[in-house]
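Chains as they are written, first to last, in this note's numbering: chain A, -17 to 223; chain B, -17 to 223.
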């Protein structure tokens, strides 16, 4: 029940952040990769006769999606790192140039938790003796910023893109192997729903929010996206019954 | 230079969080919406003769992508809210059931910033007089969790999905209006690159990371995704020159 309190707490938090960043990237890539190419292929299979076009569109989508998400993840992570550094430089200047304002900000942080100035004063005195720690304190408690892990951007981009490609190939495989579009669609629906359920269950286990509930969620998202894409493509193609 | 220090700080931070959540959702939806349907349509236009199929695949992708991202955003936001509540309940129990452990955790938080026990003691004494604020303090400073805004999940889902649809329709419009695939592709490239540049510049202005740099980034992502999808589709279709 009280695992956090039992462990060394800072170790626990850091371990949690490290792994959760990679897990989050895999989850981002896989959940979209399993869903969007699946739904696109299902949609097209209801409207075009040739499975060649379904495969073509699916692979083009995987290429576009993995690059968009991977590069997007890269730039987002690099932006986070740069934002952290520039905010840190600003705090470093501010504790020198506007010392009194920054002292006042410390009191304000504690006031939000009904800690009065007298109780906060010893903490401020201690931080003032150690400017580097004062800056660390302001980064975390004033601005709510964590220092991003080094090389996070590259790893994030490759993890997201790789997971998207891996996820996207699963629903496409049947269209590559079976020439009949309807048979391929059925096979694709079956293996993708199984993959979505396994992925959701595993994600629920890892994140700790329950395997069954997460499995139902991932199936719902993938199923809803595929059903809407299928109906839309049929309607537009004049095949609606 | 010191805008943060000049304003009331907590107001500044809250205003920043509120708007950044909506802006972030719009950015998420628009950047993928402008990029992936654009790249898919460009890729297919190099491989299939009929612009009807390009439009069909593009609309199916927009349907699939907006549902996957919108529902995904909804579940992520709801998950955040539930995680916050369950961690809050745990902290509420812990400050009653394992008061000493929780006190020790406060000392540990301050020790990370070289603030010794004597200096931290008055803060602890003050927090102990006000259990609700003690829990607030632990949520923010031990666990690094912010209370999510109410109804965040619904708004997040609709904002992301709407932005994805709006972004995705821009590159598809030429294929709907111009029957020649090559002419439509050229028009789609021009208007989408303009839209990506405007979007990037505006994003850079809003987030404060420079308009030119962000415009170049969004053009790079969209252009790279479209170029790879185009080459891949042509290669697979045996049209490679």
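The C-beta atom is built at its ideal place from N, Cα and C for all residues, glycine as well. A quick note: this is a predicted structure, and the numbers were derived from the prediction, not measured.
Beta-carbon proximity list for residue 199/A, same chain, < 7 Å, skipping 5 on both sides: 182
CB contact flag (residue 147/B, residue 48/B, <8 Å): yes
Short check: CB of residue 186/B to CB of residue 177/B, under 8 Å? no
With a threshold of 6 Å on Cβ separation, who are the neighbours of residue 194/B within its own chain once the five nearest residues in sequence on each side are excluded? none
If I follow the unbroken alpha helix (DSSP H) through residue 69/A, where does it start and stop? 33 to 79
How do the stretch 31 to 40 of chain B and the stretch 107 to 117 of chain B stand: do at least 3 beta-carbon pairs fall below 8 Å, yes or no? no
Where do the ends of the alpha helix (DSSP H) carrying residue 145/B lie? 134 to 159
How long is the line joining the alpha carbons of residue 29/A and residue 46/A, rounded to whole angstroms? 22 Å
Quick one: using the 10 Å Cβ neighbour count with 16 as the cut-off for buried, is residue 138/B buried or exposed? buried
Determine the burial state of residue 207/A: buried for a count of at least 16 other Cβ atoms within 10 Å of its Cβ, exposed for fewer. buried
Cβ of residue 108/B within 8 Å of any chain A Cβ: yes
Run through DSSP, which three-state label would residue 83/B get? helix
Is DSSP giving residue 212/B helix, strand or coil here? helix
Cβ contact check for the stretch 64 to 84 of chain A and the stretch 153 to 170 of chain A: 3 or more pairs under 8 Å: no
Check residue 127/A in the structure and name its three-state DSSP category. coil
Contact the stretch 92 to 106 of chain A vs the stretch 127 to 142 of chain A: 3+ CB pairs below 8 Å: no
Where residue 2/A sits in the DSSP three-state scheme: helix
In or out: residue 113/B buried (at least 16 other Cβ within 10 Å) or exposed? exposed
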